[in-house]
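Heads up: the sequence shown at position 130 corresponds to 387 in this note's numbering, and the numbers run straight through without jumps.
Notes to accompany the following structure.
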Amino acid sequence: LFARPVVAGKYVVVPSAAKELLWIDRKSGEIVQRGESNGAYVADGLCVGNSLYLGGYMKMEKWDVKNRRLIWRFDSINNYCQAAPVVDGKDLIFGAWDSYLYCLDNKTGKLRWKWNNGKQSNMLGPGNVVPVVTKDIVFIVAPDRYMTAIDRNTGETIWRNNDHKYRESLGVSNDGKRVYAKTMDGELVAVDATSREFNELWLVDLGLGYEHAPCIVAEDKEGMIYTGSRRGIVVKVNPKTKEISTYYIGKSEINGIDIDPTTGNAYVSLIEGTIFNISR
258 LFARPVVAGK
268 YVVVPSAAKE
278 LLWIDRKSGE
288 IVQRGESNGA
298 YVADGLCVGN
308 SLYLGGYMKM
318 EKWDVKNRRL
328 IWRFDSINNY
338 CQAAPVVDGK
348 DLIFGAWDSY
358 LYCLDNKTGK
368 LRWKWNNGKQ
378 SNMLGPGNVV
388 PVVTKDIVFI
398 VAPDRYMTAI
408 DRNTGETIWR
418 NNDHKYRESL
428 GVSNDGKRVY
438 AKTMDGELVA
448 VDATSREFNE
458 LWLVDLGLGY
468 EHAPCIVAED
478 KEGMIYTGSR
488 RGIVVKVNPK
498 TKEISTYYIG
508 KSEINGIDID
518 PTTGNAYVSL
528 IEGTIFNISR
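Structure representation (structure tokens):
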């Protein structure tokens, strides 16, 4: 398993690199459907309402959760999808390791546009970043070390910035007004998400040194910002005072950060196989 399971209605859906999609009953833990696929699943999925969106090898799929039925499959992708997609209104937006960022009509699965940074190198593309999507702009960072703003309607580049060594770690504030990115120098950068011009709001040195963990940046309900490192360190940032709190919780890469919407606690998973609950 290279992708995180998805809670979807009364099921837990497990994407498998062994070309299977497992539907598990949430209450009993029993497998109720074990479907063969035309390719491996390695991407984190997303459940919105009664729809499950899931990427894999050379594909992006939409499933009907209630009936466990495939609605459509977009297969004009030339490599893996790895990060979770974003669904907003009529748009489904995701990156792949074929150097492209895609925008599909989430109802039909038809391509609306695809974007490329001008290079054909797969390893410099947006294959492992969860985009930040606002009303008019899509923001990404990638191993080409740029942050890019893309017009959501046309797929055209608005601006690209490499003032810092951006990688694949990205997030957004709860009010959608700020984009957060962790750099390869262990910094956290906040950028204005409401402007069509690049506008850096602030920068905080997290004290991490060289950094490449692609873990998302997450904000809790009180506005505290969490990010993780390649060496098992979680850093919490107060955006008002710029004060940082550092948690040494393991030795391996921070894999995921999820904020509990009820308590505000942060659940953090590490590559070494541990999960921590950090109280707000």
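Even glycine gets a Cβ: it sits at the ideal position worked out from N, Cα and C.
None of the values given here were measured: they were computed from a predicted structure.
Secondary-structure assignment with DSSP links Asn-418 through a beta bridge to Met-404. Judged by beta-carbon spacing, Ala-450 lies beyond the 9 angstroms limit of Ser-426, meaning their Cβ atoms are not closer than that value. Put simply, of Thr-365, His-469, Arg-424, Asp-420 the residue whose alpha carbon is nearest the alpha carbon of Val-398 is Arg-424. Glu-277 and Arg-291 have their C-alpha atoms some 7 angstroms from each other. In the three-state scheme derived from DSSP, where H, G and I count as helix and E and B as strand, Leu-458 is classed as strand. Inter-residue distance for Asn-495 and Tyr-310 is about 33 angstroms (C-alpha atoms, whole angstroms). Residue burial is scored here from C-beta neighbours: Ala-265 has at least 16 other C-beta atoms within 10 angstroms and is therefore classed as buried. A contact between stretches requires three or more CB pairs, one per stretch, nearer than 8 angstroms, and the stretch 461-474 fails this requirement with the stretch 411-421. Assigned with DSSP and collapsed to three states, Leu-258 falls in coil, not helix or strand. For Leu-381, the secondary structure class from DSSP, reduced to helix, strand or coil, is helix.
A check of alpha carbon separations from Ser-294 across Glu-287, Ile-288, Asn-307, Gly-312 identifies Gly-312 as the nearest. Restricting attention to Trp-280, Ser-308, Tyr-337, Asp-332, the CA atom closest to the CA of Ala-297 is found in Tyr-337. As summarised for the stretch 479-533, there are no continuous alpha helix (DSSP H) elements at least 4 residues long confined to that stretch. In the DSSP assignment, Asn-363 falls outside any beta strand (DSSP E), carrying neither H nor E. Per DSSP, reduced to three states, the secondary structure at Trp-354 is coil, with no helix or strand assignment. One Cα belongs to Arg-283, the other to Val-263, and the distance between them is close to 11 angstroms.
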